[in-house]
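To keep things clear, I will list the structure first and then write my remarks on it.
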Amino acid sequence: MKIALNWLKRYIDIRETTSELSDILTFSGIEVEGITELKAMPETVITAKIVFAEPLPKSDHLKICKVSIGSYQLQDSSILDDDGLLQIVCGAPNCASGQMAILALPGTDLGEVKIQSAKLRGVVSHGMLCSEKELGISDDHSGIIVLPEDVCPGLSPNSLYELPDTIFELEITPNRGDLLGYIGIARDLSASLDRELRLPIVNSVPSESDQIGIKLKIDNPELCYRYTARVFDGIEVKPSPLWLKVLLTKAGLRPINNIVDITNYVMLCTGHPLHAFDYELLDREHEGDKWPSIIVRTAEQNEKIKALDGKEYSLREIDLVIADGKKASAIAGVMGGELSGISADTKKIVLESAAFNQTAVRKTSYFHKISTDSSYRFERGVSPQVTDEVSELATSLIVELSSPSEVSPVIDCNYWMNKPMVLGIRPCRFEEIIGYKLSDEEIRTYLERLGLKFIQYGTWIEGQIEDISKVHCHHLEEAKAGKKEFTEAPDCIHSHYYKIPYRRLDLTREIDLIEELARLAGYDRVPHKTAISAVMDQHAYITTNKVEDYLVSRGFFETLSFSFTDPAGISKLEIDTTDVLNLINPQSSNQSVMRNTLLPSLLDNAAYNINRGEKHLKLFESAKTYHKAGAGIREIPSICAIVTGNHKEEHWSVKNEPVSFYHIKGIVSQLCELLGINIEQSAVSKDYLINSTGLSYKHNDIELAYFGKLRPDIAERFSIDTLTLKQDLWVIELKMSELIEVSRNRALTYTDLPRYPSVTRNLSFLLPLQHSYADLSKETLACDPELIEELSVFDEYRSKQIPSGYRSVSIHLFLRDKQKTLTEERIEQVVESVVKKLQEKLQIIMR
Amino acid sequence: MQSELKQMLSEAAGAIANCRTANDILNTRAQYLGKKSFLNSLYGRLKELSSEERPAFGALINEARTELETKLSAKEQELKASAWEAKQNTDMDLSLPGLYASRGSLHPIKVIRREIDRIFISMGFEIAEGFEIEDEFHNFDALNTPQDHPSRNLADTFYLENGMLLRTQTSTVQIRVMESHKPPIRIISPGRCYRNDKPDPSHSPVFHQVEALVVDKGISMSDLTDTLQNFATLMFGKGVKTRIRPHFFPFTEPSAEMDISCVVCKGAGCRMCKHSGWLEMGGAGMVDPNVFKAVGIDPEIYSGFAFGLGIDRITLLKYGIPDMRILFENDLRMLKQFRGESL
Ligand SMILES: [Zn+2]
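Shown next, in the form of structure tokens:
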């Protein structure tokens, strides 16, 4: 629903800024979905009278106009003609002599257009006559704005249009039918801001006339609770005054004529939809009836009605209609019929103000796929209490704007039991549900601001109170005696009782009142009960699990060994033992120190399994290692893995191969990539590994991981004879503390998909042995970083056919331009430049 | 003309039947239906006929065209089908094994540990890491253990050269967390513990425990039994019963032993539960006010419960592993059985 701030201000003072008001609305449960600022028109946009307009020769639609700008002082008065008029060329079909229009003078900046004096078809035009779209008031650009004739030329139209203004797009929850009008919003704001609500003053129009009337009957009181009708004779159907048009336009409705606009205006004000019928098109029920009829009844099966949208609907027996004496004239609460619609010739009308069953309206609207401003409101509930008041408001406007000669008395058919709802609320229940205490005072203040009427204190009775005397208890006496705190009595729960205003159809239970209180007091008052103590290092936990799961997915088995080990085992690795912690009371000498490396246990496990015939092993352990660190102790999370034997499990269709450097490099590099870590690689150097058989992975000089081949002599010390096995034994060490820290706070951001295709080109050449793939990659990418996206090796070999000192390398080059599709010519250029550069820098020989 | 048409049709039928490739089809179609085909030329010759004869013959030509189209597309389909059918290897041995991705497994203790983590996380717990090498204060003093308590003996506890010791239970983490964090606290802490026990079917000097600790206002023993029951239900399934029995621990008051109904015999009595119908799960209790005082939490404002569960014991139970020592042997044949238990 769209609400214009200036209109809202008629009902309540608003001193807040747009964003403050937006917050207040949103946090009281009325979500602001959008805000549109309607700017004031520039000073050079003024009212202007079209003194005459005539077609421009040799043009089928342009008109040449002379306009008067009254006493407006032009900066450059030389553009006025001898009669003191401005010449404007206008293309609008509705432009005519005598109209009062809105003119944008030369120099006006309308955002999309800048107005300048210009020649059109050789005729000078000093400005532009504007449509609503050009001024940003609406999307209408079917013609220029035509203002009422009594407007003076040369003035700013801002006051006519109440500009500047702010339009709020509000989302009203389905339970709050009472908010579907300006007054409803103002009323709710008056409760949350504790500010006065100014209701419109309605001058009632009494009538005793027996000259006009209608025969009114409700056949289905369960579907139509109340119907208030009024008949007007001698009305004049004409365009609405500007102020009314402006209000409707800002709320997103199109002005039609004064009668339809009044019903829409009253609906926007009160949230109560109205309808007007052309009286003379309504039939009498019986031949001799004095008046035509309005009968609220369910439709006959397949009864047809042509609605105002021009479509014919075939109704069902459950659809409610407003019929005259013979036929359906409107689908009740949903849409009027075309036949009885208001036209320019209409002289006599019936004004309907009714309350329909919300479920019935919803079913009809849903089934026939008609959704209107009217059905939208009836579906959410409209109070039968006020049909007469709303009718009165519309009547006063009809009298004012269409000067009827005769107005009938109010004809009211009312089946509504006007019995106020009385509900109780327990302050202690509020605290139980919402989590904090509200005083009696606060509860009363908030609810009374919403228009609930406090009746008394009493003991608790659930549901609607039929007989208020039943809730009497000692609280009543204590309250009368002026006590603020009540003494507790057994079997008596302190409660408040309130009369619910008729318009709040949604307040039927204690919990509804609790919700209103929580809303008005502000959800920000709801206390937080327990804060998480944030003991857990989520990232460390997740990363450790991720690495373990990754290794499992790459074929590794997790082992688990004792934390204490044989000091001899550590010595076999020839690594430093000065940080090793000794146990005072070990169970045996081979479990006498806390391990500072996981490797000896893994090698023991490997030996154990090899002895049992399992030669192909991928094992890891994820555990802490323990280190003396000065006077203190460090426990370091580590993951160590060993690999030996074949790369894959045996399978009849696969030619197996022993694990190679590139297999292990793939495992470790991919892991770093999965953790999102940028790494630098260098040849590994560890005493127990064969030099340069593996890699060390670093990030900013911090070592994260390394791998390499275990020295066969060391393997033998652990009873693994790699030479007899004819297998290498690879060791992978993952430094979990470092991996966790380096990958912390990494956030993945989605990259937009490329819009243009990539192109692949292949290059085969001989590369001198002293140059690495890394060199090749670096030089190639540097050639044209904008276009060369990636390169990949698809073949590499050395053989006797190749000149000594060289190897053969073949690469895919992936090229892509982010802005456009690459041309063949450009591709050739890039490839050529790559070849040239590689020849210069790396001395490649093309094949 | 009619007989010419007939002859053309039978000739075309032969040509279509002789098609061997998609290209043959193309050529045949051009020959008999193309612009220069005999059939097409017949349209031009219609004017040779009288106006009475024309419609009937026109219909004949169209019929012939349809017949040829149908035959050609049928032949085309036939050729396509035989082309891919020929490529299929029909003498495949369907019983030879398929190709598996090489895949390892987590250690069964890790499998259970992760499952316990998940269950407690689903109940709103956090996981706290603790030290395995501890001082006497955190392992004993702060946990209200008397100076002369037998658990402090060398025969029960491993000591290190620098006076530190290997924690004998994860309860040490309680103290660490309460020292550094204000209530409310809702944590579990799984990890290795150490006791100087000789390895046997149900003991190991290195074992795994998970400690749970909840500290807040208004925490009662019923929160303890509630959490225990929810954990047991999620871990062992619906129908498992839990109970607590009075016991003594220095750091809880009141203290309890926790039992669950035997998951093997469902409480009827078996060898596993020593015919009692119940299995011991670990110790529990309300945090002793002295423990709160040692970490600076006011026991008048806060209360809490703690319990410890044996992860290894649950692992043995869940998988029917008969001997704890099997868990630490890391035999590949054992580990391979747990491939399906890893995520
Ligand atoms: Zn049993």
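Line order of the protein sequences matches chains W and U.
First residue of the first sequence? That's 0 in my numbering, and the numbers climb one at a time after it.
First residue of the second sequence? That's 17 in my numbering, and the numbers climb one at a time after it.
Glycine is no exception: its CB is placed at the ideal position from the N, C-alpha and C atoms.
Look at which beta carbons fall closer than 5 Å to any heavy atom of ligand 1; those residues are C278/U, V280/U, C281/U, C286/U, M288/U, C289/U. A Cβ-Cβ contact shorter than 8 Å links I341/W with A275/W. Exposure of P262/U is indicated by the presence of fewer than 16 other C-beta atoms within 10 angstroms of its C-beta. In this structure the stretch 739-747 of chain W lies against the stretch 664-676 of chain W, because at least three pairs of beta carbons, one per stretch, are closer than 8 Å. Interface annotation, R754/W: not in contact with chain U, CB-CB separation never under 8 Å. Around the Cβ of N346/U, a 10 Å sphere holds 16 or more other Cβ atoms; the residue is buried. Along the stretch 544-566 of chain W, the positions whose C-beta sits under 9 Å from a C-beta of chain U are N544, E547, D548, L550, V551, S552, R553, G554, F555, F556, E557, T558, L559, S560, F561, S562, F563, read in chain order. Restricting attention to G324/U, T173/U, G255/U, the CA atom closest to the CA of E152/U is found in T173/U.
When secondary structure is reduced to three states using DSSP, Q680/W falls in the strand class. Under DSSP, F51/W shares a beta bridge with K65/W. As the crow flies, the alpha-carbon of S621/W is around 11 Å from that of E732/W. Around K1/W, the same chain offers I166, F167, E168, L169, K249, A250, G251 as residues with beta carbons nearer than 8 Å, after the five sequence neighbours per side are excluded.
Per the C-alpha coordinates, the member of P767/W, K777/W, Q828/W positioned closest to M845/W is P767/W.
S621/W: member of the beta strand (DSSP E) spanning 616-628, first to last residue.
Proximity of I635/W to chain U, defined by a Cβ-Cβ separation below 8 Å, is not satisfied.
F323/U carries a strand assignment under DSSP once its states are collapsed to helix, strand and coil. Chain order gives the chain U residues near M535/W as E142, I143, A144, I203, where near means a beta carbon separation below 8 Å.
Taken through DSSP and simplified to helix, strand or coil, W100/U comes out as helix. Excluding five sequence positions before and after N417/W, the CB atoms of its chain that fall closer than 7 Å to its own CB belong to Q384, given in chain order. Annotated three-state conformation of V245/W is helix, per DSSP.
Contact annotation: P152/W and A52/W have beta-carbon atoms that are not nearer than 8 Å. Comparing C-alpha distances from Y661/W to each of T692/W, L392/W, C671/W, K685/W shows the shortest one belongs to T692/W. Taking 7 Å as the cut-off between beta carbons, the residues of the stretch 623-652 of chain W near chain U are K623, Y625, I632, E634, K647, E648, H650, W651, S652, in sequence order. The Cβ of L775/W sits no closer than 8 Å to any Cβ of chain U. Under the DSSP assignment, F429/W falls in the alpha helix (DSSP H) whose first and last residues are 426-433. Per the DSSP secondary-structure output, F355/W pairs in a beta bridge with C223/W. Contact between D164/W and L4/W holds: their C-beta atoms lie close to 6 Å from each other, under 8 Å. Looking at the DSSP output, E36/W sits in a beta bridge with T165/W. Around the beta-carbon of L451/W, 16 or more other beta-carbon atoms lie within 10 Å, marking it buried.
Close to K126/U, with beta-carbon spacing below 8 Å, are these residues of chain W in chain order: E547, E557, L559, S621. In terms of Cβ geometry, I293/W and L215/W form a close pair [threshold 8 Å].
Sequence-distant partners of I424/W (beyond 5 residues in either direction) whose C-beta falls short of 6 Å from its own C-beta, in its chain, are H495, E509, L512.
Three or more beta-carbon pairs separated by less than 8 Å are not found between the stretch 221-231 of chain U and the stretch 154-162 of chain U, which leaves the two stretches without contact. Taking the C-beta atoms as reference points, D304/U is found nearer than 8 Å to F267/U. Looking at the DSSP output, R192/U sits in no beta bridge, so it has no partner there. The beta carbon of P147/W sits closer than 8 Å to those of M99, P240, L241, all from its chain and outside the five residues before and after it, given in chain order.
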